[in-house]
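In full-length UniProt numbering, the protein residues as written are 1 to 407.
Notes for the one structure printed next.
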Amino acid sequence: MRVVIKVGTSSLVSADGSCVRLSVLANVCETAMRLRAAGHQTIIVTSGAVGMGCMRMGCPRPTDLGDLQAMAAVGGMALSRLYEQAFELTGGRCAQVLLTYSTFGSKEQFRTAKRAFDSLLRHGVTPIVNENDVVSCEELQIGDNDTLAAMVATMVDAELVFLLTDVDALYTADPGSDPSARRITRVHHGCLPELRRRFAAGEAFDPLRKASRHRKDHSGGAAKAAGAAPVRSGQWGTGGMGTKLAAAQIATSCGADTIIMRAEDAHNIAELVADIVASGTGEGVGTMFAASEEPARKGHTRWLTTQTPLGRVVLDAGAAAAVAEHRSTLFPAGVKGVEGKFNVNDAVDLVDPLGETVARALVNYSSVEIARIAGHSTVELDSLLGADARAKSICTRENIAVMRRLS
1 MRVVIKVGTS
11 SLVSADGSCV
21 RLSVLANVCE
31 TAMRLRAAGH
41 QTIIVTSGAV
51 GMGCMRMGCP
61 RPTDLGDLQA
71 MAAVGGMALS
81 RLYEQAFELT
91 GGRCAQVLLT
101 YSTFGSKEQF
111 RTAKRAFDSL
121 LRHGVTPIVN
131 ENDVVSCEEL
141 QIGDNDTLAA
151 MVATMVDAEL
161 VFLLTDVDAL
171 YTADPGSDPS
181 ARRITRVHHG
191 CLPELRRRFA
201 AGEAFDPLRK
211 ASRHRKDHSG
221 GAAKAAGAAP
231 VRSGQWGTGG
241 MGTKLAAAQI
251 ATSCGADTII
261 MRAEDAHNIA
271 ELVADIVASG
281 TGEGVGTMFA
291 ASEEPARKGH
301 TRWLTTQTPL
311 GRVVLDAGAA
321 AAVAEHRSTL
331 FPAGVKGVEG
341 KFNVNDAVDL
351 VDPLGETVAR
361 ALVNYSSVEI
371 ARIAGHSTVE
381 LDSLLGADAR
391 AKSICTRENI
401 AVMRRLS
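Printed below as a string of structure tokens:
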């Protein structure tokens, strides 16, 4: 089994930024070695470079992008050295892997990186992954290594993703301000879109009732899920529960169970994995988001799920059903409208009439062109676009990754 473990800055750096929490880092590395001894392969996705750099330079976290990149460069070396020393003490080996979002945007780069991961794991080396902050402005603006972990999981075909943080689970409300908040033990993959939407809005949500509409009930735990204010990390961490829910949706869509848990509980991961292998449950610590029962297939279409959509194409009910259930090629007649600004070969979300994402795809036309041909038949394309009518379809089935089934 391949396992991805993501550890956040707030778990590795003390709240005041004065020291590294070496016990957490060492615990994660020891856990990776225990998993390897049990026959599993582990990839660690780590944050902390900027926080480490600020610590080394004796300065607060900067707001200027160039200063953030400089702190990441300084801290990246120190962080890598700590991981290397921790693995040496446990008799293991590790390797630094720096990625950018563009790595996932190119099919060739994606495949090249996957080959490198496969080779490292085959040689018993644990990859330590981080965003290449010095050349990638998106990560420093978004601060979302949770999503990076989910993207890596899709790349390496992981079956389990652990998102380690400074809170122990998803709760019905912010446990720091609401003493009645209750831990949610398990959430069905199909609940995630609505859970994310309601969590962001601070609305109540009942995963148990929602999951009862599915063939299996995987939601259990609490009566309501979603809270008033998102649980956020301290000053050294830039993620929050919202980014973890988004990451869980990516990972579960591609067949990986995803668990949110406290970093101090990382020593329980090996036992959790053994329990999942033996019984398929893995409950008891944190919140588990169950993988989709019909995950996106491996290969070319799977990497599409890792792309940042630059817009949305709104489908009518019939086209949405055809795409969601059969991954059918999308023709202009099934399009009701377009949102956002994008170009040919950009990634977009295909959404149903209610705005729910059913798939992610690479488009054959720009947003301006799609708006012009929406609702028209293919025989009208030449008259509507002239020489720009380069394809009969908005996107072909080979470039569509289904994100959600309608039934």
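For each residue, glycine too, the CB sits at the ideal point set by N, CA and C.
Remember, predicted model here, so these are calculated numbers, not experimental data.
Q) Can you name the start and end residues of the alpha helix (DSSP H) that methionine 57 belongs to? A) The residue given as residue 57 occupies position 57 in the sequence shown. Segment 49-57, the alpha helix (DSSP H) holding methionine 57.
**Q.** Rounded Cβ spacing between threonine 378 and phenylalanine 331 (contact assumed at less than 8 angstroms)
**A.** Mapped onto the sequence shown, residue 378 falls at position 378. Mapped onto the sequence shown, residue 331 falls at position 331. Rounded, the Cβ-Cβ distance is 6 angstroms, consistent with contact.
Q) In chain order, what residues of the same chain lie with their CB nearer than 7 angstroms to the CB of aspartate 349, ignoring the 5 residues before and after it? A) Here residue 349 refers to the residue found at position 349 of the sequence shown. Correct list, in chain order: Pro309, Arg312, Thr357 and Arg360.
Q: Taking only the alpha-carbon atoms, compute the straight-line gap between serine 106 and leucine 163 and give it to the nearest angstrom.
A: In the sequence shown, residue 106 corresponds to position 106, counting from 1. In the sequence shown, residue 163 corresponds to position 163, counting from 1. Answer to the nearest angstrom: the Cα atoms are 26 angstroms apart.
Q | Rounded C-alpha distance that separates methionine 1 from isoleucine 400 | A | The sequence position of residue 1 within the sequence shown is 1, counting from 1. The sequence position of residue 400 within the sequence shown is 400, counting from 1. Using only the alpha carbons, I get a separation of about 27 angstroms.
Q: With DSSP collapsed to three states, give me the class of isoleucine 394.
A: Translated into positions along the sequence shown, residue 394 becomes position 394. Three-state DSSP puts isoleucine 394 in coil, outside helix and strand.
(Q) DSSP has asparagine 27 in a bridge; who is on the other side? (A) Residue 27 sits at position 27 when you count from the first residue of the sequence shown. Bridge partners of asparagine 27: none, in fact.
Q | Whole-angstrom C-beta distance between alanine 169 and isoleucine 184, which should lie under 8 angstroms | A | Translated into the one-based positions of the sequence shown, residue 184 becomes position 184. Translated into the one-based positions of the sequence shown, residue 169 becomes position 169. Between alanine 169 and isoleucine 184 the Cβ distance is about 7 angstroms, and since that is below 8 angstroms, they are a contact.
Q: Classify leucine 65 as buried or exposed, calling it buried when 16 or more other Cβ atoms lie within 10 Å of its own Cβ.
A: Your numbering for residue 65 matches position 65 in the sequence shown. Its Cβ having fewer than 16 others within 10 Å, leucine 65 is exposed.
Q | Per DSSP, the bridge partner or partners of leucine 160 | A | Here residue 160 corresponds to residue number 160 of the sequence shown, with the count starting at 1. Answer is Val3 and Asp257.
Q: Over the uninterrupted alpha helix (DSSP H) stretch that includes proline 193, give me the two end residues.
A: Counting from one through the sequence shown, the residue named residue 193 turns up at place 193. Per DSSP, proline 193 belongs to the alpha helix (DSSP H) from 192-201.
Q: Could you name the residues of the same chain whose beta carbon sits closer than 6 angstroms to that of alanine 371, not counting the 5 residues immediately before and after it, in chain order?
A: Residue 371 sits at position 371 when you count from the first residue of the sequence shown. Excluding positions up to five away in sequence, the list reads Val338.
Q: Would you mind working out which of Asp352, Gly91, Leu98 and Ala149 sits nearest alanine 72, comparing C-alpha positions?
A: On the sequence shown, position 72 is the one that residue 72 refers to. Of the candidates Asp352, Gly91, Leu98 and Ala149, the one whose C-alpha sits nearest the C-alpha of alanine 72 is Leu98.
(Q) Between which residues of its own chain and glutamine 249 is the CB-CB distance below 6 angstroms, once the five residues before and five after are set aside? (A) Start at 1 with the first residue of the sequence shown, and residue 249 comes out as number 249. Counting only Cβ-Cβ distances below 6 angstroms, and skipping sequence neighbours, we find Leu192.
Q) Are any of the Cβ atoms in chain D nearer than 8 angstroms to that of asparagine 132? A) The structure shown contains no chain D, having only a single protein chain.
Q. Between glutamate 294 and the rest of its own chain, which residues show a CB-CB distance below 7 angstroms, the 5 nearest in sequence each way excluded?
A. As a first step, residue 294 is located in the sequence shown; it is residue number 294 there, counting from the start. Cβ contact annotation for glutamate 294 (same chain, cutoff 7 angstroms, sequence separation greater than five): Arg405, in chain order.
Q. Between which two residues does the alpha helix (DSSP H) carrying arginine 81 extend?
A. Numbered from its first residue, the sequence shown carries residue 81 at position 81. 65-89 is the span of the alpha helix (DSSP H), which, as asked, contains arginine 81.
Q.
Taking the beta carbon of alanine 225 as the centre, do at least 16 other beta carbons fall within 10 Å, making it buried, or is it exposed?
A. Mapped onto the sequence shown, residue 225 falls at position 225. Low confidence applies here, because alanine 225 scores a pLDDT of 38, under 50, leaving its location unreliable; read the following figure in that light. Label assigned to alanine 225: buried.
Q: Verify whether the separation of the beta carbon atoms of threonine 46 and asparagine 132 is less than 8 angstroms.
A: Along the sequence shown, one-based indexing puts residue 46 at 46. Along the sequence shown, one-based indexing puts residue 132 at 132. Their beta carbons are not under 8 angstroms apart, which means threonine 46 does not touch asparagine 132 by this criterion.
Q: Report yes if the C-beta distance between threonine 306 and threonine 112 is below 8 angstroms; otherwise report no.
A: In the sequence shown, the residue the question calls residue 306 occupies position 306. In the sequence shown, the residue the question calls residue 112 occupies position 112. No. Outside cutoff.
**Q.** residue 421 burial status per 10 Å Cβ neighbour count (16 or more: buried)
**A.** In the structure as shown, the chain starts at 1 and stops at 407, and residue 421 therefore has no counterpart that could be examined.
Q. Buried or exposed: arginine 56, going by 16 or more other Cβ atoms within 10 Å of its Cβ?
A. Here residue 56 refers to the residue found at position 56 of the sequence shown. Counting Cβ neighbours within 10 Å, arginine 56 comes out exposed, since fewer than 16 surround it.
Q) Between which two residues does the beta strand (DSSP E) carrying residue 411 extend? A) Residue 411 cannot be examined here, being either before or after the span of the chain that is shown, 1 to 407.
Q | phenylalanine 117 and tryptophan 303 closer than 8 angstroms at C-beta | A | For the purposes of this step, residue 117 is taken as residue 117 along the sequence shown, with counting starting at 1. For the purposes of this step, residue 303 is taken as residue 303 along the sequence shown, with counting starting at 1. Against a cut-off of 8 angstroms, the Cβ pair of tryptophan 303 and phenylalanine 117 comes out as no contact.
Q. Of the residues Ser383, Phe342, Leu354 and Glu30, which one's Cα is nearest the Cα of tyrosine 365?
A. Residue mapping note: residue 365 aligns to position 365 of the sequence shown, counting from 1. For tyrosine 365, the nearest C-alpha among the options comes from Phe342.
Q.
By alpha-carbon positions, which one of Ile44, Val335, Ala263 and Glu271 ends up nearest to glutamate 376?
A. Counted from its first residue, the sequence shown places residue 376 at position 376. Reading the sequence as shown, one finds histidine at residue 376 and not glutamate. Taking only the C-alpha atoms, the option nearest histidine 376 is Val335.
Q: For aspartate 316, I'd like the list of residues in its chain whose CB is within less than 8 angstroms of its CB, leaving aside the five on either flank, ordered along the chain.
A: Walking along the sequence shown from the start, residue 316 turns up at place 316. Result list for aspartate 316: Gly334, Val335, Lys336 and Pro353, in chain order.
Q.
At 3 residues or longer, what runs of the beta strand (DSSP E) sit wholly inside the stretch 91-145?
A. Runs found: 93-99 and 125-131.
Q. Under 8 angstroms, do histidine 189 and threonine 252 count as touching if we go by C-beta distance?
A. Translated into positions along the sequence shown, residue 189 becomes position 189. Translated into positions along the sequence shown, residue 252 becomes position 252. A contact, by the Cβ cut-off of 8 angstroms.
**Q.** Counterpart residues of glycine 311 in DSSP-defined beta bridges
**A.** Translated into the one-based positions of the sequence shown, residue 311 becomes position 311. Answer by DSSP bridge pairing, in chain order: Gly340.
(Q) Check this for me: beta carbons of cysteine 19 and threonine 90, under 8 angstroms apart or not? (A) Here residue 19 corresponds to residue number 19 of the sequence shown, with the count starting at 1. Here residue 90 corresponds to residue number 90 of the sequence shown, with the count starting at 1. Result no, Cβ atoms of cysteine 19 and threonine 90 do not sit closer than 8 angstroms.
Q: Report the rounded CA-to-CA distance for glycine 255 versus alanine 158, giving the unit in angstroms.
A: In the sequence shown, the residue the question calls residue 255 occupies position 255. In the sequence shown, the residue the question calls residue 158 occupies position 158. If I take the Cα positions, the gap works out to 8 angstroms.
Q) To the nearest whole angstrom, what separates the beta carbons of aspartate 166 and serine 10, a pair I think is in contact under 8 angstroms? A) For this step, residue 166 is matched to residue 166 along the sequence shown. For this step, residue 10 is matched to residue 10 along the sequence shown. Yes, aspartate 166 and serine 10 are in contact; Cβ-Cβ is about 5 angstroms, under 8 angstroms.
Q. What residues in its chain sit with their C-beta under 7 angstroms from that of valine 152, if we drop five residues either side in the sequence?
A. Your numbering for residue 152 matches position 152 in the sequence shown. Excluding residues within five positions, the ones whose Cβ falls inside 7 angstroms are Val4, Ile43, Val45 and Val129.
Q. Quick check: the stretch 25-41 against the stretch 260-267, are there 3 or more CB pairs under 8 angstroms?
A. yes
(Q) On a Cα-Cα basis, can you pick out the residue from Glu271, Gly386, Ala387 and Ile373 that is closest to leucine 35? (A) One-based indexing of the sequence shown puts residue 35 at position 35. Leucine 35 has its Cα closest to that of Glu271, out of Glu271, Gly386, Ala387 and Ile373.
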